[in-house]
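In this note's numbering, the protein residues as written are 2 to 252.
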C-alpha cells in the first residue's frame, strides 16, 4: 500500500508497533502515534487483525479526531471499524467515502445502510476465490498431503514446522516452549522491537534450531499481528518490519 501511495506522490504516515524506524524510512513512511494518524490523514486504510485490542479501534471518538472529508478503507477484518459509528460519520459528511470488503456480521446483512450508500464501495473478501487460484491450491495441497503421508516431510503447514518425524519428536518440546517465550517477550517489550537475539546451549547446539527460532519469532509477533503470522511467514514478516533475528550457539 505504501509503495502504491508513494507512486502517486502521497505522503505516507503509519502507526505500526512492529515496524522499525529504519525500515519505515526505507519505505518512505513516517511513523506517528495512532491519534496523530487519525488527525492528519486524508485517507485511512486498516491492516491489522481483529483482536480484543483492535475491536472498534475506529469508532465515534476516532472519527471526531479526523479531518472533514476523510476517506476510510477496511480490507482487514470486520469489527475493527465500528459500523454504526461509520454510518453516522458518513451521514454527517465527516467521512466523504468508504471502501469495505469485510463486515461486522458475516455473511453480511444486506439491509445494512452501508450497502445503500452511493459513496461506499462494498465487495466480498474473496481475493483467492477464482477458478485459477482454486485449481493451483488444490494441486499444491494434494502434493503436500502425499509428501506427509509418504514420510517426505511436512511443507508449508501453518501450525507445524517443516520437519521430518524423528526430528520433530526431539525438537517439539523446545518448539512449544519457544513460542511461549516469544509471547512473553512481546508483552514485556517497551517500544518497537528492532532485534531478537536467541542463544542456544547444551544438546541443541548440534541440532537444526531454525524451527525453534521461527516459533519464538511467531510467538513474539502474534499478540500484535494475530492470525496473519504463522511458522511459514514469521521470519519474513520480521524482516519486512526491520526486526533482525540473530542466532548463536554455545557448547
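Backbone N, C-alpha and C fix where the C-beta goes; we use that ideal spot for every residue, glycine too.
Own chain residues within Cβ distance below 6 Å of residue i, not counting five before or after
i, result
"residue 52", "227"
"residue 101", "75, 123"
"residue 175", "213"
"residue 49", "55, 77"
"residue 84", "105"
"residue 94", "none"
"residue 73", "45, 96, 99"
"residue 111", "none"
Beta-carbon contacts of residue i that lie in its chain and below 7 Å, excluding the five residues immediately before and after
i, result
"residue 24", "242, 243"
"residue 66", "36, 39, 40"
"residue 172", "164, 208, 212, 213"
"residue 235", "215, 218, 219, 222"
"residue 179", "213, 216, 217, 220"
"residue 202", "251"
"residue 145", "156, 157"
"residue 116", "123"
"residue 34", "16"
"residue 125", "102"
Beta-carbon proximity check, residue i vs residue j, cutoff 8 Å
i, j, result
"residue 81", "residue 59", "yes"
"residue 30", "residue 42", "no"
"residue 155", "residue 149", "yes"
"residue 96", "residue 44", "no"
"residue 170", "residue 206", "no"
"residue 218", "residue 197", "yes"
"residue 114", "residue 88", "yes"
"residue 79", "residue 103", "yes"
For residue j and residue i, believed in contact at Cβ under 8 Å, the rounded distance
i, j, result
"residue 121", "residue 86", "14 Å between Cβ atoms; not a contact."
"residue 215", "residue 232", "5 Å"
"residue 189", "residue 247", "Incorrect: roughly 19 Å between the Cβ atoms, too far for contact."
"residue 191", "residue 221", "Not quite, the Cβ-Cβ distance comes to about 14 Å (not below 8 Å), so this is no contact."
"residue 210", "residue 245", "Wrong, their Cβ atoms sit about 17 Å apart, outside the cutoff."
"residue 3", "residue 28", "5 Å"
Paired residues, beta bridge with residue i - DSSP
i, result
"residue 202", "251"
"residue 123", "101"
"residue 13", "30"
"residue 146", "Paired residues: none, contrary to the question."
"residue 190", "DSSP lists no partner for residue 190."
"residue 196", "245"
"residue 39", "Answer is none; residue 39 lacks a bridge partner."
"residue 44", "72"
"residue 96", "71"
Min CB distance residue i to chain C below 8 Å
i, result
"residue 241", "Structure shown: chain C not included; a single protein chain is present."
Own chain, CB closer than 8 Å to residue i, minus 5 neighbours either side, in chain order
i, result
"residue 20", "30, 32, 193, 242, 243"
"residue 57", "80, 81, 82, 83, 86"
"residue 1", "The displayed coordinates of the chain run from 2 to 252. Any statement about residue 1 would go beyond what the structure contains."
Entirely enclosed alpha helix (DSSP H) segments - the segment 206 to 235, minimum 4 residues: 211 to 226
Length-filtered (4 minimum) alpha helix (DSSP H) runs lying within the segment 47 to 84: 61 to 66
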